[in-house]
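Below is one structure; the comments refer to it alone.
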Amino acid sequence: MSINLGQNKKNYIDLQFGALTDSTDIVVMSKNKTSGIVSRTNYERITPHDNCMMISIFATVQLLPNPEFISMVSTDQITLIPYKIVSYEKKPVVFCVSPVYVSEQWQNFLMAVHIFKQFGGHMHIYLVSAVTSFFELMQEYDKSGYVTIQPWSRMLFPYVPGSIVDAYSQVEFQNTAAAHTDCLLQYKEAADFVALFNLNDILIPKIAPTYVEEFHSLIGNRSDVVYLFYESINYQATVFNNTKFFIEDMISSLTEIDRGHHGKVVINTQKLNYTYMYRPVYLKDGSSLDVTDNFITHLKSIVWKEENTLVTLGVGHDTIAEEKFNRTVPNTVFYGADPIIEPNRQMYSAFGKFFPFAIGRNPGFTNFRVLPNQNQKTRNYVRQDRIDFAWIDIEGGEFEFLDQLHNDVKICQLNMEVHKKFREKDSAQIFHDFILRILEDKKYIFMKSLYTDIGVHRMFFLNLEDRECVAKFFA
Numbered sequence: 001m002s003i004n005l006g007q008n009k010k011n012y013i014d015l016q017f018g019a020l021t022d023s024t025d026i027v028v029m030s031k032n033k034t035s036g037i038v039s040r041t042n043y044e045r046i047t048p049h050d051n052c053m054m055i056s057i058f059a060t061v062q063l064l065p066n067p068e069f070i071s072m073v074s075t076d077q078i079t080l081i082p083y084k085i086v087s088y089e090k091k092p093v094v095f096c097v098s099p100v101y102v103s104e105q106w107q108n109f110l111m112a113v114h115i116f117k118q119f120g121g122h123m124h125i126y127l128v129s130a131v132t133s134f135f136e137l138m139q140e141y142d143k144s145g146y147v148t149i150q151p152w153s154r155m156l157f158p159y160v161p162g163s164i165v166d167a168y169s170q171v172e173f174q175n176t177a178a179a180h181t182d183c184l185l186q187y188k189e190a191a192d193f194v195a196l197f198n199l200n201d202i203l204i205p206k207i208a209p210t211y212v213e214e215f216h217s218l219i220g221n222r223s224d225v226v227y228l229f230y231e232s233i234n235y236q237a238t239v240f241n242n243t244k245f246f247i248e249d250m251i252s253s254l255t256e257i258d259r260g261h262h263g264k265v266v267i268n269t270q271k272l273n274y275t276y277m278y279r280p281v282y283l284k285d286g287s288s289l290d291v292t293d294n295f296i297t298h299l300k301s302i303v304w305k306e307e308n309t310l311v312t313l314g315v316g317h318d319t320i321a322e323e324k325f326n327r328t329v330p331n332t333v334f335y336g337a338d339p340i341i342e343p344n345r346q347m348y349s350a351f352g353k354f355f356p357f358a359i360g361r362n363p364g365f366t367n368f369r370v371l372p373n374q375n376q377k378t379r380n381y382v383r384q385d386r387i388d389f390a391w392i393d394i395e396g397g398e399f400e401f402l403d404q405l406h407n408d409v410k411i412c413q414l415n416m417e418v419h420k421k422f423r424e425k426d427s428a429q430i431f432h433d434f435i436l437r438i439l440e441d442k443k444y445i446f447m448k449s450l451y452t453d454i455g456v457h458r459m460f461f462l463n464l465e466d467r468e469c470v471a472k473f474f475a
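full-length UniProt numbering numbers the first residue of the sequence shown as 1 and each following residue consecutively.
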């Protein structure tokens with residue numbers, strides 16, 4: 001309910017295109033503690049086409065002070081009309097975000113909500129659905145006053161199955177026009193300007209330090225300007241999908257794709273009372289103003305920058321393969337282990353973290369071999385939630401813990417050298433049992449082995465059981 005509209009009904013009817021007023025009456029009944037009243041009013045059509053069975057309309061009616069009950073009356077029943085008192089808390093600029101549904105791109109939200117806040121804007125989101133973790137994140141920002149979350153429920157007809165009438169499929173784009181009009185009305189008393197944006201739209205003021213100053217500066221003394229139109233430019237962002245995400249990195253990664261065909265609008269709240277999706281369709285006396293000195297950054301696509309983990313067990317005085325991998329596969333974290341400290345530490349520390357350890361199945365003492373003058377080309381691993389690449393080459397030591405790879409160790413790609421020549425007695429049986437278990441578990445597939453020396457084979461295993469591994473490397 002808006003006092004602007006309630007006290008100045010003639011003004012708002014004259015404000016917009018009068019031909020849109022429908023001759024059909026809407027009958028509204030209201031009650032307060034002492035009396036009741038039945039009023040009639042016409043409605044104005046918001047949806048400018050007949051492609052949908054359900055359209056958005058706008059109607060106003062004079063009610064009693066302090067109403068407790070409002071309903072629409074038909075020939076045989078009444079329908080309760082939910083209502084709310086508008087906010088009077090001053091918010092110079094409000095960004096009304098179109099209905100968000102099945103959303104999971106929390107990076108867009110974080111970037112937008114902080115930028116809007118930085119330059120004097122408040123975000124108002126109409127929420128249909130989102131993944132749980134994203135919704136919980138938005139709730140925290142709602143509690144802190146950065147954003148207002150408003151549920152935007154789908155319409156249902158009681159006792160009527162969706163196979164007969166599906167109201168949701170017969171409204172335009174989650175009823176966006178109604179959401180934008182609702183947001184405009186909610187903030188008419190509190191805001192100078194309301195922007196109609198999507199969650200992946202960003203605006204940074206360019207000609208003034210804050211939004212409200214930029215908008216007022218653009219309008220100047222022109223009393224006819226109803227809304228400002230900003231062109232959109234499509235960008236691609238490259239971001240982490242984990243805790244390594246930083247807004248600064250996301251901004252610096254933006255790459256222009258093309259110029260958008262559709263922009264967005266910023267509405268002068270005192271000049272308009274309803275709007276179609278993203279921009280008003282009908283203006284009687286007012287006009288729009290195209291902004292040429294700034295633009296909206298539209299995040300058209302996101303490239304997920306995921307960190308890779310490579311673990312080398314058995315550096316062997318040779319890091320040529322790791323160095324090449326580091327140049328070829330970006331965002332890779334390297335961990336290397338070898339009992340021979342130098343020169344392995346110096347070589348490996350140039351791009352990763354080195355551990356002066358020998359790897360065994362159990363703690364204690366055991367015999368192991370060190371081949372300081374031979375060229376080693378494959379590696380080993382460290383404790384992580386997931387290891388993307390494990391390179392193991394520990395001169396026969398692999399037989400001590402092959403069975404551990406069947407446990408809760410998540411390795412996506414495993415390259416391992418098997419040294420039969422260092423364990424002639426039982427190596428064949430151990431390796432046979434290992435491969436048989438691999439086949440039974442159906443966790444890994446192994447590729448054709450590579451013969452590298454007498455009694456030495458390099459084996460390649462791919463994890464096709466784990467969904468994260470498959471999604472990352474095979475999707």
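Glycine included, C-beta positions come from ideal geometry on N, C-alpha and C.
Nearest residue (CA-CA) to residue i, options the options
| i | options | result |
| --- | --- | --- |
| Tyr-276 | Gly-316, Cys-183, Thr-255, Glu-140 | Cys-183 |
| Met-447 | Asp-393, Met-459, Tyr-88, Glu-440 | Met-459 |
| Lys-31 | Ala-390, Ser-153, Leu-63, Asn-308 | Leu-63 |
| Arg-154 | Glu-136, Gly-145, Thr-176 | Thr-176 |
| Val-102 | Tyr-88, Val-131, Ile-394 | Val-131 |
| Ile-435 | Lys-425, Tyr-451, Val-418 | Val-418 |
| Gly-121 | Glu-104, Ser-56, Tyr-211, Gln-186 | Tyr-211 |
| Trp-304 | Glu-104, Asn-273, Tyr-43, Val-194 | Glu-104 |
| Glu-44 | Asp-50, Ala-59, Thr-34, Ser-35 | Ala-59 |
| Lys-271 | Lys-244, Asn-326, Tyr-444, Glu-189 | Glu-189 |
| Ile-46 | Thr-148, His-216, Tyr-274, Gly-316 | Tyr-274 |
| Pro-205 | Gln-139, Ala-390, Thr-297 | Thr-297 |
| Gly-314 | Ile-387, Asn-234, Tyr-348, Lys-425 | Tyr-348 |
| Ala-178 | Leu-414, Cys-412, Pro-48, Asp-166 | Pro-48 |
| Tyr-88 | Ala-191, Asp-25, Ala-321 | Ala-191 |
| Ser-427 | Glu-395, Val-61, Arg-386 | Glu-395 |
| Glu-214 | Asp-224, Leu-254, Asn-268 | Asn-268 |
| Asn-42 | Gly-36, Val-27, Met-54 | Val-27 |
| Trp-152 | Gln-174, Lys-244, Glu-136 | Gln-174 |
| Thr-255 | Phe-69, Ser-301, Asp-453 | Ser-301 |
Counted within 10 angstroms of its Cβ, other Cβ atoms place residue i as buried (16 or more) or exposed
| i | result |
| --- | --- |
| Lys-91 | buried |
| Ile-164 | exposed |
| Arg-467 | exposed |
| Cys-469 | buried |
| Asn-451 | The amino acid at residue 451 is misidentified as Asn; the sequence shows Tyr. Classification of Tyr-451: exposed, given that the 10 Å Cβ count is below 16. |
| Gly-352 | buried |
| Gln-186 | buried |
| Phe-357 | exposed |
| Tyr-141 | buried |
| Ala-471 | exposed |
| Thr-34 | exposed |
| Arg-379 | With a pLDDT of 44 at Arg-379, under the threshold of 50, the predicted position of this residue should be treated as unreliable, though the coordinate-derived value follows. Classification for Arg-379: buried. |
| Asn-331 | exposed |
| Glu-465 | exposed |
| Leu-218 | buried |
| Phe-461 | buried |
| Ile-341 | exposed |
| Glu-322 | buried |
| Gly-316 | buried |
| Leu-156 | exposed |
| Asn-200 | buried |
| Leu-439 | exposed |
| Ile-445 | exposed |
| Lys-443 | buried |
| Asn-415 | buried |
| Leu-299 | buried |
Heavy atom of the ligand FAD within 8 Å of residue i beta-carbon
| i | result |
| --- | --- |
| Lys-91 | You won't find the ligand FAD in this model; it holds no ligand whatsoever. |
Beta-carbon proximity check, residue i vs residue j, cutoff 9 Å
| i | j | result |
| --- | --- | --- |
| Leu-228 | Leu-283 | no |
| Trp-52 | Leu-196 | Going by the sequence as given, residue 52 is Cys instead of Trp. Result no, Cβ atoms of Cys-52 and Leu-196 do not sit closer than 9 Å. |
| Ile-125 | Val-160 | no |
| Asn-294 | Ile-207 | yes |
| Val-291 | Glu-231 | yes |
| Val-333 | Thr-309 | yes |
| Thr-181 | Ser-71 | no |
| Pro-194 | Val-94 | Before going on, a small fix: residue 194 reads as Val here, not Pro. Their beta carbons are under 9 Å apart, which means Val-194 touches Val-94 by this criterion. |
| Pro-99 | Val-128 | yes |
| residue 479 | Gln-77 | No statement about residue 479 is possible, as the shown extent of the chain runs from 1 to 475 and does not include it. |
| Tyr-235 | Ile-257 | yes |
| Gln-413 | Phe-473 | yes |
| Asn-198 | Lys-117 | no |
| Tyr-83 | Pro-65 | no |
| Ala-350 | Thr-328 | no |
| Ser-287 | Asp-388 | no |
- Message: Across the region 243-254 and the region 165-180, are there enough close Cβ pairs to call them in contact, namely three or more that are closer than 8 Å?
- Response: The region 243-254 is not in contact with the region 165-180.
- Query: Taking the runs of the alpha helix (DSSP H) that are 4 residues or longer, which of them lie wholly in the region 60-111?
  - Reply: Fully enclosed alpha helix (DSSP H) runs of 4 or longer: not present.
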